[in-house]
Amino acid sequence: MGSSTQRHLAILRESLLRRLHELQAQVRTAEAAGRGGEGGDREVRDFKDEATQLADDVVDAVKVWRSIDELQQVQAALSRLDSGVYGNCVDCGEPIAFERLRVQPAAERCTVCQEAFEARVRAATDGRSPTGGGAARRP
């Protein structure tokens, strides 16, 4: 492994660890707020207040779920780094560009495979073909 590659991996590990600690702090703060009586224990004066409170609680929950999801992605990336497979696309096996990893250090796929993956996800969720050719037809 070249010194440039080792330097890149060290930079990426540092970035992943920094993000890991940020996410862990966010999740701990959210958990403490939930145990501390925020959320459902606030006084509700009328139905509008109740609706606003419920909407705020849902937004907060989604933020926590996203943080937990990203935390798991970062942990998986660190595990791949430790096992020596970090930086290789999980779909095609080709190296992921350093610039992509620098911007998205937990990336599992190269840009081409990520775009194909997202097209498949969109197709599965909206009933369309991955190539955008219209609604899937069933016999």
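Just add 10 to the spot in the sequence shown (first one is 1) and you have our numbering.
For each residue, glycine too, the CB sits at the ideal point set by N, CA and C.
Asked                                                                                                                                                      : Found
Roughly how many angstroms separate the alpha carbons of Phe108 and His18, rounded to a whole number?                                                      : 7 Å
If you drop the 5 nearest sequence neighbours on each side, which residues of the same chain put their C-beta closer than 8 Å to that of Arg110?           : Ala117, Cys120 and Thr121
Could you check what DSSP says for Cys120 in three-state terms: helix, strand or coil?                                                                     : coil
If you draw a straight line from the C-alpha of Gly44 to the C-alpha of Phe57, how long is it?                                                             : 22 Å
Could you give the first and the last residue of the continuous alpha helix (DSSP H) run that contains Gln85?                                              : Phe57 to Ser93
Since Glu109 is in the alpha helix (DSSP H), which residue starts that stretch and which ends it?                                                          : Phe108 to Val113
Rank Ala87, Glu125 and Gln63 by C-alpha distance to the C-alpha of Arg28 and give the top, closest one.                                                    : Ala87
State whether the segment 67-77 contacts the segment 87-100, with contact taken as three or more CB pairs (one from each stretch) at a distance under 8 Å. : no
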